[in-house]
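In what follows, a structure is listed as structure tokens, so that the remarks can point back to it.
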Amino acid sequence: MKRGEIYRLKKEFQKDYHKKSFNHSFVFWEDSGIDINGIMITCSDNPMYDNKRFEENHFEPGHEIGYGKSADYPESYFVPAFLLKKVKFEQLDFVGRLTQDGVDYIEKLRSELEYTDWETHMLEIKKRSGKP
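Per numbering that gives the first Met the number 0, the sequence shown starts with residue 0, numbered consecutively.
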């Protein structure tokens with residue numbers, strides 16, 4: 000696995016994990032022993048989440064995952080956090096790659112991104128928004 004590659008959990012392993020933790024593709028950033036730190040790709044531009052917008056030139060063309068999902072979701076964003084992914088490498092499918100511009104963009108924002116897991120990240124969002 001290399002920084003900037005995009006992966007998704009293989010369908011046959013989805014039952015083994017918390018669905019919300021592995022519902023989206025993610026950009027591999029680095030590993031910590033057997034764990035992966037990744038950046039979740041999403042179509043949500045809801046201000047509550049403070050997601051960061053990708054540009055079209057941040058994605059290599061010709062892969063399953065690229066910029067925008069559909070006419071309904073024409074843009075791509077990422078969750079502003081390095082999310083810990085406790086998953087086995089062999090349970091992932093390679094589905095895309097960021098360009099060097101995409102990797103550089105995340106690198107520029109790196110100091111703003113926390114290292115956390117999905118559940119903790121969502122609890123922080125709920126706290127900030129005042130939702131129970």
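Think of the CB as a built atom: it goes at the ideal place given N, C-alpha and C, for glycine as much as any other residue. Please read these numbers as outputs of a predicted model, since none were measured by experiment.
Give every residue of the same chain whose Cβ lies closer than 7 Å to the Cβ of residue i, excluding the five residues on either side of it in the sequence, and list them in chain order.
| i | result |
| --- | --- |
| Val-102 | Arg-2, Gly-3 |
Measure the alpha-carbon distance for residue i versus residue j and round it to whole angstroms.
| i | j | result |
| --- | --- | --- |
| Glu-54 | Phe-88 | 28 Å |
| Pro-73 | Asp-44 | 11 Å |
| Phe-27 | Ile-5 | 6 Å |
| Leu-82 | Tyr-48 | 14 Å |
| Gly-95 | Met-121 | 26 Å |
| Ala-70 | Phe-12 | 29 Å |
| Glu-118 | Lys-126 | 12 Å |
| Gly-65 | Ile-40 | 10 Å |
What span of residues does the beta strand (DSSP E) with residue i cover, start to end?
| i | result |
| --- | --- |
| Glu-113 | 113-115 |
| Val-94 | 91-96 |
| Ile-33 | Segment: none, Ile-33 is in no beta strand (DSSP E) and carries neither H nor E. |
| Ala-80 | 80-84 |
Under the three-state reduction of DSSP, which class applies to residue i: helix, strand or coil?
| i | result |
| --- | --- |
| Thr-119 | helix |
| Asn-22 | coil |
| Asp-49 | coil |
| Arg-2 | coil |
| Ile-38 | strand |
Which residue marks the beginning of the alpha helix (DSSP H) containing residue i, and which one marks its end?
| i | result |
| --- | --- |
| Lys-107 | 99-108 |
For residue i, which residues in the same chain have their Cβ closer than 6 Å to its Cβ, ignoring the five residues on either side in sequence?
| i | result |
| --- | --- |
| Cys-42 | Lys-68, Tyr-72 |
| Arg-7 | Ser-24, Asp-92, Val-94 |
Sorted by chain position, which residues of the same chain lie with C-beta nearer than 8 Å to residue i's C-beta, five sequence neighbours on each side aside?
| i | result |
| --- | --- |
| Ser-128 | Met-47 |
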